[in-house]
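According to the UniProt record's numbering, the residues represented by the sequence shown are 1 to 490, in order.
Even glycine gets a Cβ: it sits at the ideal position worked out from N, Cα and C.
The structure appears right after this line, and notes come after that.
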Amino acid sequence: MAVLDFPGKREELNKNQQSTLRHEFYPPLFLLDSLNQVCPRGSRRTPSDGPQNEHQSPEERFQTLVNKLAQICDFEPKGNTVSALAVIIHNGRLCYVLASNRRGTGAMKNARAGLQAVLNILKDSVEKRTDDSDEVMEKRLMREILTWNMVRARSYLTSLEKELQKCIAKCDTTEQGNNAKQELQRLAAFLPKVKDGQKSDSYIESTMRLIAAIQTSRESQLPTWRYIEAGAVADDTMAKGGCWSALQHSAGRLLSYRYAAHSLVNARHIWAETDLFRDFDIETVRSSLPNAKAGTLSPETVEDILNRAPNATKAQRKAYRQHAAELQVYDLNAKLAEQWDRKLEPIVHAEMLLHEWLSRTEGGTQSYRFFNGWQYIGTSKPVCKLCTDYFDIISTPVRFRPGHPNTYLNWRLPDIYVEGKDPVAVDRAKAEWNSNLDEMKKRIYVALLRVLQDKVSGKKPNDSNTYSERITTGDADYISKWLGKIQINN
């Protein structure tokens, strides 16, 4: 199958647009990232995918299914790729449309093949070529999923092995600590042997047994996992985390493969009579190219960036600078200075890329174009804050996976595409892009000042560098008024 392209001609950004990005959009984003690095607060853990909620509506079950399918398309370790998936009617047929970050043609072809292999197992089942029980089906799907994802799964196994040993050594001598130590030692015995070879049947079977053991342990050894959770909560106060939270993460990521297989088995029963697993196509959208013109940014101080906060009064800017000065106890300017050496190569995130392709092709994002009218784009990971803000700005009817508060420096708006050579259409498209960028700038400053406020108010009472001043109600009103109708949630 050919890779799907955008209709029309891609318009290059003009000098003013490039300048706005370099001088007004990315600097506050860099400062926001620096703030979060120097004085993180609260949990930094992203929850791993849990089991399917048995009380979900059919639409919610479908959303879970699409998220799980997107997840198993992310083969590469270290989280460098994120995949997005929509199920639509395309050329009169049901079609899975897949988009990913940072994937070339060969990698996208491989991801498509993996998705096809998993869906073919379900196709054989609903067409009665196989008459397997749910348990057998789940194992077949798990085996196929792990075969395609073994490089990534192996990174979780390596981490799990390392963190298990650290946590075993850290268990205290209380009754709960001794019980936790014994349970962790029992789980360590299930780790697959490297000598078996990562793609061998025995290695995959050993990995499946380990995952089953983790699930059984979580369900039957609640005191042990409460002990682990207490350690993970304590880890959140550390600058670089610790073994308990790393253990939770690795175990959770491995378990997510089993939850994915379980969701697919359930989906087989719900939609057996539809084309979802019977008669379908799989298409891919070409990944965006990094904006090579972004390059590196000109160095600025915290004060330089805060002074450009739009619509702020002189007194408000002074207050923000004072709050930033208070945070210099964390060497905020030094951390920001490190950022300017970074070379920006921003990309369009997978969910935005897929949404943009849908928006610019026949039928757009109207409900009739989606399976069962469910306007949904699933993703292998929660949607980042910048993507969430963008979708809110453009008021899309499409729904997405609940997001997380993280922002990423190498993020950018979708490219500008225009069909035909009408200069009015080109100007209109560029004006729309400019408007969206302006709104995104406001959102970044709102997030920046909110984090600044939280960091200052969260400092320890006995810190000798603490100023008596705090962000006032008037300042909070100033932050809120930027958003107009947009609700700022805690």
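Cβ neighbour criterion (16 or more within 10 Å) applied to residue i
| i | result |
| --- | --- |
| residue 564 | The shown model of the chain, from 1 to 490, leaves out residue 564, and the question about it has no answer. |
| ILE121 | buried |
| ARG103 | buried |
| TYR368 | exposed |
| PRO414 | buried |
| GLN339 | buried |
| LYS15 | exposed |
| ILE270 | exposed |
| ASN101 | buried |
| ASP5 | exposed |
| LEU289 | exposed |
| VAL136 | exposed |
First and last residue of the uninterrupted beta strand (DSSP E) at residue i
| i | result |
| --- | --- |
| PHE280 | 280 to 284 |
| ARG140 | That residue, ARG140, is in no beta strand (DSSP E); its alpha helix (DSSP H) goes 134 to 170. |
| ARG253 | From DSSP, ARG253 is part of no beta strand (DSSP E) but of the alpha helix (DSSP H) over 243 to 270. |
| residue 494 | This structure cannot settle anything about residue 494, because the visible part of the chain is limited to 1 through 490. |
Nonlocal neighbours in the same chain, by C-beta distance under 7 Å from residue i, ignoring five residues either side
| i | result |
| --- | --- |
| THR130 | ASP124 |
| MET142 | MET208, TYR257, ARG258 and ALA261 |
| ASN333 | THR301 and VAL302 |
| ARG401 | ASN67, GLY378, THR379, PRO382 and VAL383 |
| LEU448 | PRO28, LEU31 and LEU32 |
| GLU351 | ALA84, ILE377, THR379, VAL383, CYS387 and PHE400 |
| ASN465 | Reliability of the predicted coordinates at ASN465 is poor, the pLDDT of 33 falling under 50, and the value obtained from them is presented with this limitation in mind. Around ASN465: GLU326 and VAL329. |
| PRO77 | VAL151, ARG152 and SER155 |
| ALA213 | LEU187 and PHE190 |
| GLU144 | ALA117, VAL118 and ILE121 |
Residues near residue i by beta carbon distance below 8 Å, same chain, minus five either side
| i | result |
| --- | --- |
| ILE394 | ASN436 |
| GLU183 | SER217, GLN221 and THR224 |
| LEU146 | ALA153, ILE204, THR207, MET208 and TYR257 |
| GLN56 | THR64 |
| ASP341 | THR296 |
| GLN116 | ILE282 |
Residues that residue i bridges to, as DSSP identifies them
| i | result |
| --- | --- |
| VAL97 | ALA86 and GLU283 |
| ILE377 | PHE400 |
| ILE72 | DSSP, once it has assigned bridges, lists no residue as partnering ILE72. |
| LEU4 | VAL285 |
| LEU344 | GLY295 |
| GLY370 | Position check: residue 370 holds Phe in this sequence, whereas Gly was assumed. In the DSSP output, where bridge partners are listed per residue, PHE370 has ILE88. |
Sequence-distant residues of the same chain with beta carbon closer than 6 Å to residue i, five excluded per side
| i | result |
| --- | --- |
| LEU247 | GLU163 and CYS167 |
| GLU356 | PRO414 |
| ASP235 | GLY241, GLY242, TRP244 and SER245 |
| SER43 | With a pLDDT of 48 at SER43, under the threshold of 50, the modelled position of this residue cannot be trusted; read the value that follows with caution. So the list reads ASP236, once near-sequence residues are dropped. |
| ILE305 | PRO27, PRO28 and LEU31 |
| LEU358 | THR365 |
| PHE25 | LYS441 |
Continuous alpha helix (DSSP H) stretch holding residue i: start and end
| i | result |
| --- | --- |
| ARG102 | No alpha helix (DSSP H) holds ARG102; DSSP gives it neither H nor E. |
| ASN179 | 175 to 188 |
| PRO290 | Per DSSP, PRO290 belongs to no alpha helix (DSSP H) and is neither H nor E. |
| GLN18 | 15 to 20 |
| LEU276 | From DSSP, LEU276 is part of no alpha helix (DSSP H); its letter is neither H nor E. |
| VAL302 | 302 to 306 |
Legend entry - alpha helix (DSSP H) runs contained entirely in the stretch 380 to 437, provided each spans 4 or more residues: Complete alpha helix (DSSP H) runs here, min 4: 385 to 393.
Legend entry - In chain order, each alpha helix (DSSP H) run of at least 4 residues that lies wholly inside the stretch 310 to 366: Within the stretch 310 to 366, the runs of alpha helix (DSSP H) at least 4 residues long that lie entirely inside it are, in chain order, 314 to 326, 332 to 339 and 350 to 359.
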